[in-house]
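First up is the structure itself, then whatever we jot down about it.
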Amino acid sequence: MTPSPTTLPTAGVDSVSVPGVTSVPTDALGWLIDRWSDLLSAVGNATGIEMLQYGFMHRAFLVGILIAVMAPLIGTFLVHRQLALIGDALAHTAFAGVAVGLFVNAVLDVGVSPYLTAVVVAMIAALAIELISEVTDAYNDVSMAIVLSTGFALGAVLISLNAGGLAVGINQYLFGNLATVSRSNAMILIGLFLVVTLVVGVTYKQLLYVTFDETAARVAGLNVPWYNRVMTMLTAMVVVGAMQIMGVILVAAMLVVPVAGAAQLARSFREALLASIILAELAVLVGITLSFQYEATAGGTIVLVAVALYVGAVLLGKVQSSRETVGDIHASAEERTAD
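Under my numbering, think of the first position of the sequence shown as 1183, with each following residue one higher.
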């Protein structure tokens, strides 16, 4: 595979804005991206690894590494709260956000990034899921199904209108594409990463309390609905960030599969969180590498690697469980012999 190393065009903006937070100067983010690119270029020159010679691969690895931290960080809470499918619902509404961005660009010629409109629409959808559950007393899966259907229907309608060639290039949003991770999109992802990690770091104890004992959290005076909304909005940010290389169809897998694998090995929430991030990093790095080498779809390759790691974690967990069982039997036998 010999793609051109030409740098993709960037948006002419002075800051990266994420709804609800202060703008992050692009000078600082651009400097970080440049230093990262310099590092990978140096490694590529020293080792002769072809894929490290291309700027788009530098950005793909950067985005992938950040996603592999963000997705399990939020996914671990979601899986323990039995909300694994919310990622899929928000991914479909994020697709509607992309369609809105493309439609607005085609009609008004404003040049807004579809990923920014995807963030806005996904966050609105996250709030809608919570509000529908609270107002109608419907189960979360019902509200998620309603939002998922509405979001994907809106995206499908806007694409079918085909204003100004709207349908062109839509596959990159459905399945992900390493070559389309532009500098401006990488900046958006870094901004999302900073917001997600900062909020989780500040509210970790409260989110943990609400996750494992919502009733006790209410009794303790925590605003449970507010923390539920925080979690869904953070999920929306992660989904939009991961959509760049995973695509709408497969983005939810990064929220669930590494976490499910980690659950087979870990004995505590913190261990599960750390193990899931490690598994996600392995899946992303190996998946991106294989995708480049064999010209395969990035999102699909990453998910297949993640599933393979999950199977390995299950088998390893079974072996560990068997050893512990045998150890308990031996210990019990020794106690009886001593008596």
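Each residue gets a CB set at the ideal place from its N, CA and C atoms; glycine is no exception.
Q) If we count the other Cβ atoms within 10 Å of its Cβ and call it buried at 16 or more, is D1270 buried or exposed? A) For the purposes of this step, residue 1270 is taken as the residue at position 88 of the sequence shown. Per the 10 Å Cβ criterion, buried.
Q: Could you check if T1414 is buried or exposed, using at least 16 other CB atoms within 10 Å of its CB as the buried criterion?
A: As a working mapping, residue 1414 is identified with position 232 in the sequence shown. T1414 is buried by the Cβ-count criterion.
Q) Looking at C-beta atoms only, is the number of pairs between the stretch 1458 to 1467 and the stretch 1254 to 1268 that lie closer than 8 Å three or more? A) The stretch 1458 to 1467 is in contact with the stretch 1254 to 1268.
Q) Is the beta carbon of V1439 less than 7 Å from the beta carbon of Y1386? A) Position 257 of the sequence shown, counting from 1, holds the residue named residue 1439. Position 204 of the sequence shown, counting from 1, holds the residue named residue 1386. Not in contact: V1439 and Y1386 (Cβ atoms no closer than 7 Å).
Q | Top-ranked residue by Cα proximity to N1410, from I1427, A1273, L1313 and S1219 | A | Here the question's residue 1410 lines up with position 228 in the sequence shown. Distance check between N1410 and each of I1427, A1273, L1313 and S1219 places L1313 closest, using alpha-carbon atoms only.
Q | Nonlocal neighbours in the same chain, by C-beta distance under 8 Å from A1327, ignoring five residues either side | A | Numbered from its first residue, the sequence shown carries residue 1327 at position 145. Counting only residues of its own chain and dropping the five nearest sequence neighbours on each side, A1327 has a CB closer than 8 Å to the CB of A1271.
**Q.** Buried or exposed (CB count within 10 angstroms, at least 16 for buried), F1277
**A.** By 1-based counting over the sequence shown, the position of residue 1277 is 95. Counting other Cβ atoms within 10 Å of its Cβ, F1277 reaches 16 or more and is therefore classed as buried.
Q. For V1261, which residues of its own chain have a beta-carbon under 6 Å away from its beta-carbon, when the five flanking residues on both sides are left out?
A. If you number the sequence shown from 1, residue 1261 lands on position 79. Answer for V1261: V1441, listed in chain order.
Q. Are A1457 and A1444 close, meaning C-beta to C-beta below 7 Å?
A. Sequence index remark: in the sequence shown, residue 1457 carries index 275 (1-based). Sequence index remark: in the sequence shown, residue 1444 carries index 262 (1-based). The answer is yes: Cβ separation under 7 Å.
Q.
Whole angstroms are fine: how far does the CA of V1302 sit from the CA of L1330?
A. Numbered from its first residue, the sequence shown carries residue 1330 at position 148. Numbered from its first residue, the sequence shown carries residue 1302 at position 120. When rounded, the distance between both Cα atoms is 15 Å.
Q) Considering only C-alpha positions, which residue in the set S1503, V1280, A1308 and L1265 is nearest to Q1354? A) Here residue 1354 is taken as the residue at index 172 of the sequence shown, counted from 1. The candidate whose alpha carbon is nearest that of Q1354 is V1280.
Q: Select from A1402, N1359 and L1221 the residue whose C-alpha is nearest the C-alpha of A1478.
A: As a first step, residue 1478 is located in the sequence shown; it is residue number 296 there, counting from the start. Taking A1478 as reference, the option from A1402, N1359 and L1221 with the minimal CA-CA separation is N1359.
Q) Can you name the start and end residues of the alpha helix (DSSP H) that G1257 belongs to? A) Residue numbering aside, residue 1257 sits at position 75 when the sequence shown is read from its first letter. Annotation: the continuous alpha helix (DSSP H) that includes G1257 extends over G1237 to H1262.
Q | Of the residues F1259, L1265, I1306 and I1231, the one placed nearest E1453, counting alpha carbons only | A | Position 271 of the sequence shown, counting from 1, holds the residue named residue 1453. Comparing Cα positions, the closest option is F1259.
(Q) Please classify F1394 as buried or exposed, where buried requires at least 16 other C-beta atoms within 10 Å of its C-beta. (A) Counting from 1 along the sequence shown, the entry for residue 1394 is found at position 212. Of the other Cβ atoms in all chains shown, fewer than 16 fall within 10 Å of the Cβ of F1394; this residue is therefore exposed.
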